[in-house]
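Asks: Please read through the structure below; I'll follow up with questions.
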Amino acid sequence: MKTKNVLTGYLLKLACLMSFAFFYACESRDVTLTTDDPPKAKNTAAVTTYTSGQKEHDFSSNAGGTRSYYLSVPDNYVNTKKYRLVFVFAGTDTTGHEMQQWMGQGWNSSTPGLEKLMDNTIFVYPDQKYIWGSDKGWAMGDYASPYEGMHDIQFTKELLNLIKSTYSIDEDLIFATGHSWGGDMTNVTAYFLNGVFKAVAPIASNRPFWFEDSNGNYVANSSYHGNTAVWVFFGLNDDHFGNTSPNGAFGIEQADFWRLKNGTTGQPTSTQIGGGTDVTKNYSGGTAAVKLTLYKTGQYSGSGSLPGHQPPDYYFQAVTDWFKSF
Numbered sequence: 000m001k002t003k004n005v006l007t008g009y010l011l012k013l014a015c016l017m018s019f020a021f022f023y024a025c026e027s028r029d030v031t032l033t034t035d036d037p038p039k040a041k042n043t044a045a046v047t048t049y050t051s052g053q054k055e056h057d058f059s060s061n062a063g064g065t066r067s068y069y070l071s072v073p074d075n076y077v078n079t080k081k082y083r084l085v086f087v088f089a090g091t092d093t094t095g096h097e098m099q100q101w102m103g104q105g106w107n108s109s110t111p112g113l114e115k116l117m118d119n120t121i122f123v124y125p126d127q128k129y130i131w132g133s134d135k136g137w138a139m140g141d142y143a144s145p146y147e148g149m150h151d152i153q154f155t156k157e158l159l160n161l162i163k164s165t166y167s168i169d170e171d172l173i174f175a176t177g178h179s180w181g182g183d184m185t186n187v188t189a190y191f192l193n194g195v196f197k198a199v200a201p202i203a204s205n206r207p208f209w210f211e212d213s214n215g216n217y218v219a220n221s222s223y224h225g226n227t228a229v230w231v232f233f234g235l236n237d238d239h240f241g242n243t244s245p246n247g248a249f250g251i252e253q254a255d256f257w258r259l260k261n262g263t264t265g266q267p268t269s270t271q272i273g274g275g276t277d278v279t280k281n282y283s284g285g286t287a288a289v290k291l292t293l294y295k296t297g298q299y300s301g302s303g304s305l306p307g308h309q310p311p312d313y314y315f316q317a318v319t320d321w322f323k324s325f
């Protein structure tokens, strides 16, 4: 899976990022989203029937207008019970449907994906719309140059509102995960949508340059109250980022950001994961927990290049159990 050709999509990003200094200060300016009008209903299956499949809807101009996404609804869905909702963000040049086949179904028959492990759950796989150079990806807020822009964060907000107005969703059980550029998007929506997700699990995403101003200081968001639990997955030898992220450095930086924002203190506890091959550090004592797993290469049984950048097979069961624990 690229996700497809991820290396090309990050070359420009890495060139821009490594000149930034890494500090724990906050800028005084908040990021604000557009107050969106109720989404205009389009005569599509997204609004008129409770079916799985590719959907399209007219969102606000600030969210990019007409946008698409793939939706998976349980076959036995009834509107008299509440369901979990999981957003799954795709990586570079990858569609929502491709992400559903890879991460929702699992990358092979012996490695069942999230949809096969997590019952009573609706899954949404948003499609990317915008292109930087030759790569389709996500706009990640006002601080993510050269990938800046609030339209995809606004799209996520409006898509969430659409699904909540159409389906019976437990609003205390909304989650997100994503891989590579989709991991970036998981991080930024968790913060800039003010903790709307109960918990998120970004995989193999970049260092948190999307949260830094031009001086390398973390941007403030007074509307985020430390209420999203975060589990960061990152490769110890990520062969996409290479020596720019030695020993999982980018994953550590992500966890450090969330530890600061969620107020976790003290030394972490450590638990073995993946049959004892890896260790998860668990940070508590704040408003929401932070977890960090730095995984070894060679634990991904799917196809594609860059095995150190791909998730370990145990990710599916681990994240399923974690999301279901809330």
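The sequence shown maps to residues 0 to 325 in numbering that gives the first Met the number 0. We put the CB at the ideal spot given by N, CA and C, even for glycine.
Starting from Leu172, follow the beta strand (DSSP E) in both directions and report where the run begins and ends.
Replies: Here residue 172 corresponds to residue number 173 of the sequence shown, with the count starting at 1. It spans 168-178 - the beta strand (DSSP E) in which Leu172 sits, taken as one unbroken run.
Asks: Provide the residue(s) that pair with Arg83 in DSSP beta bridges, ordered along the chain.
Replies: Counting from 1 along the sequence shown, the entry for residue 83 is found at position 84. Answer is Thr120, bridged to Arg83.
Asks: Give me the residue from Ser204, Glu55, Pro311, Gln309 with the minimum Cα distance to Glu157.
Replies: In the sequence shown, the residue the question calls residue 157 occupies position 158. Glu157 has its Cα closest to that of Glu55, out of Ser204, Glu55, Pro311, Gln309.
Asks: On the criterion of 16 or more Cβ atoms from any shown chain inside 10 Å, does Lys260 qualify as buried, or is it exposed?
Replies: Residue 260 sits at position 261 when you count from the first residue of the sequence shown. The residue in question, Lys260, is buried, as its Cβ has 16 or more Cβ neighbours within 10 Å.
Asks: Taking the straight line between their C-alpha atoms, what separation do you get for Val278 and Ala89?
Replies: For the purposes of this step, residue 278 is identified with residue 279 of the sequence shown, where counting begins at 1. For the purposes of this step, residue 89 is identified with residue 90 of the sequence shown, where counting begins at 1. C-alpha separation (whole angstroms): 26 Å.
Asks: Does the distance from the CB of Trp209 to the CB of Met98 come in under 9 Å?
Replies: Locating residue 209 in the sequence shown gives position 210, where the first residue counts as 1. Locating residue 98 in the sequence shown gives position 99, where the first residue counts as 1. No, they are not a contact pair.
Asks: Is the distance from the Cβ of His308 to the Cβ of Gly234 below 9 Å?
Replies: The count along the sequence shown starts at 1 and reaches residue 308 at position 309. The count along the sequence shown starts at 1 and reaches residue 234 at position 235. Their beta carbons are under 9 Å apart, which means His308 touches Gly234 by this criterion.
Asks: Residues in the same chain with beta-carbon distance under 8 Å from Thr286, minus the five sequence neighbours each way, listed in chain order, please.
Replies: For the purposes of this step, residue 286 is taken as the residue at position 287 of the sequence shown. Counting only Cβ-Cβ distances below 8 Å, and skipping sequence neighbours, we find His224, Gly225, Asn226, Asn261, Gly262.
Asks: For Ser67, which option in Asp141, Ile162, Ser108, Asp134 has the closest C-alpha, if you only look at C-alpha atoms?
Replies: If you number the sequence shown from 1, residue 67 lands on position 68. Checked all of Asp141, Ile162, Ser108, Asp134; the closest Cα to Ser67 is Ile162.
Asks: Comparing alpha-carbon positions, which option in Gly265, Gly148, Thr292 lies nearest Val229?
Replies: The residue given as residue 229 occupies position 230 in the sequence shown. Minimum Cα distance to Val229 is reached at Thr292.
Asks: Measure from the alpha carbon of Val289 to the alpha carbon of each residue in Thr243, Ala317, Tyr82, Gln253, then state which is nearest.
Replies: The residue given as residue 289 occupies position 290 in the sequence shown. It is Gln253 whose Cα lies nearest to the Cα of Val289.
Asks: Candidates Leu172, Asp134, Gly241: which alpha carbon is nearest Tyr146's?
Replies: Locating residue 146 in the sequence shown gives position 147, where the first residue counts as 1. Tyr146 has its Cα closest to that of Asp134, out of Leu172, Asp134, Gly241.
Asks: So what does Asn107 bridge to, in DSSP terms?
Replies: Here residue 107 corresponds to residue number 108 of the sequence shown, with the count starting at 1. Beta-bridge pairing links Asn107 to Thr110.
Asks: Quick one: what's got a C-beta closer than 7 Å to Thr276's C-beta in the same chain, skipping five residues either side?
Replies: Taking the sequence shown and counting its residues from 1, the one referred to as residue 276 is at position 277. Here the set comprises Lys295, Gln298.
Asks: Going by C-alpha distance, which of Asp183, Ser221, Phe174 is nearest Val318?
Replies: Start at 1 with the first residue of the sequence shown, and residue 318 comes out as number 319. Out of Asp183, Ser221, Phe174, Phe174 has the C-alpha closest to the C-alpha of Val318.
Asks: Using a Cβ-Cβ cutoff of less than 6 Å, which residues in the same chain neighbour Met117 once the five nearest sequence positions on both sides are dropped?
Replies: As a first step, residue 117 must be located in the sequence shown, where it is residue number 118. Hits under 6 Å: Thr319.
Asks: Quick check on Glu55: does DSSP put it in helix, strand or coil?
Replies: Numbered from 1 along the sequence shown, position 56 holds the residue referred to as residue 55. DSSP places Glu55 in strand when its eight states are reduced to three.
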